[in-house]
């Protein structure tokens, strides 16, 4: 379920943030070669996001951080130039992309278990989640998607804190709100998601 606190051992606005922002702006302008310079600067951020998720998995899991990060890189590149505003904004987008990678894999696992014959991609051989974790991840994604239909900010708060591992202050920076707003949204969203997931997706608001 959704943890009460999410802490990440690093600060988004760290040394080199200005360089990251400048590279993001150049990438947005179409300078695709900037990606080679950008990746080393944000690699630690993406690894922190991936490790934050992996710490929730059971002992002995075979979820590989490198495979998850590589797929996230590929999807970030494929979506082309984005209106990047800052390093925090980049991490927010990366957290969403990583969520999509994880959920897509979890859904494929469920399809395969039901005999749907889903084709396993190379990534899927490296991302092996426990059955319970896969089911929980799919349920969380469904509930988050429902929450997003009527309260996008709360859904983004959960996405950034749960999938992105952001602190309250980092989430506030990414969303452009006061930290107290993040605390309130995080608390209310967790209550709603717990009720929604316990009810099996009845969409009670």
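In the numbering used here, the protein residues as written are 2 to 206.
From the three backbone atoms N, C-alpha and C, an ideal C-beta is built for every residue, glycine too.
Predicted, not measured: the structure shown is a model, and the values here were computed from it.
Simplified DSSP assignment, three categories, for residue i
{"i": "residue 1", "result": "Nothing about residue 1 can be read from this structure; the chain reaches only from 2 to 206."}
{"i": "residue 188", "result": "helix"}
{"i": "residue 86", "result": "coil"}
{"i": "residue 80", "result": "coil"}
{"i": "residue 199", "result": "helix"}
{"i": "residue 122", "result": "Reliability fails at residue 122, whose pLDDT of 37 lies under 50, so the model's placement of it is uncertain and the value that follows must be treated cautiously. Reduced to three states, the DSSP call for residue 122 is coil."}
{"i": "residue 169", "result": "helix"}
{"i": "residue 46", "result": "helix"}
{"i": "residue 205", "result": "Any answer about residue 205 is weak, because its pLDDT of 47 lies below 50 and its placement is not dependable; what the coordinates show is given next. If DSSP states are grouped into helix, strand and coil, residue 205 belongs with coil."}
{"i": "residue 23", "result": "helix"}
{"i": "residue 98", "result": "helix"}
{"i": "residue 63", "result": "Confidence at residue 63 is low in this model, with a pLDDT of 47, below 50, so the placement of that residue is unreliable and no value is reported for it."}
Span separating the alpha-carbon of residue i from that of residue j
{"i": "residue 46", "j": "residue 92", "result": "7 Å"}
{"i": "residue 196", "j": "residue 35", "result": "44 Å"}
{"i": "residue 21", "j": "residue 44", "result": "11 Å"}
{"i": "residue 122", "j": "residue 67", "result": "Low per-residue confidence applies at residue 122: pLDDT is 37, beneath 50, and the placement is therefore not dependable enough to give any value."}
{"i": "residue 59", "j": "residue 52", "result": "A caution first: residue 59 carries a pLDDT of 49, below 50, which makes its placement in the model too unreliable to give a value."}
{"i": "residue 183", "j": "residue 143", "result": "22 Å"}
{"i": "residue 1", "j": "residue 33", "result": "Nothing can be reported for residue 1: it is not among the residues displayed for the chain, which extend from 2 to 206."}
{"i": "residue 176", "j": "residue 155", "result": "10 Å"}
{"i": "residue 159", "j": "residue 26", "result": "27 Å"}
{"i": "residue 75", "j": "residue 29", "result": "16 Å"}
{"i": "residue 181", "j": "residue 151", "result": "21 Å"}
{"i": "residue 179", "j": "residue 148", "result": "21 Å"}
{"i": "residue 31", "j": "residue 153", "result": "29 Å"}
{"i": "residue 23", "j": "residue 189", "result": "36 Å"}
{"i": "residue 38", "j": "residue 79", "result": "17 Å"}
{"i": "residue 141", "j": "residue 166", "result": "16 Å"}
Closest by C-alpha distance to residue i, when choosing among the options
{"i": "residue 48", "options": "197, 164, 173", "result": "164"}
{"i": "residue 89", "options": "162, 141, 193, 190", "result": "162"}
{"i": "residue 139", "options": "184, 110, 157, 166", "result": "110"}
{"i": "residue 70", "options": "87, 21, 50", "result": "50"}
{"i": "residue 157", "options": "87, 199, 191, 52", "result": "191"}
{"i": "residue 102", "options": "149, 86, 65", "result": "65"}
{"i": "residue 145", "options": "26, 37, 100, 185", "result": "100"}
{"i": "residue 136", "options": "31, 25, 199", "result": "199"}
Contact under 9 Å by Cβ, residue i with residue j
{"i": "residue 77", "j": "residue 98", "result": "yes"}
{"i": "residue 95", "j": "residue 73", "result": "yes"}
{"i": "residue 172", "j": "residue 193", "result": "no"}
{"i": "residue 174", "j": "residue 87", "result": "yes"}
Cutoff 9 Å: residue i Cβ touching any chain C Cβ
{"i": "residue 194", "result": "The structure shown contains no chain C; it is built from a single protein chain."}
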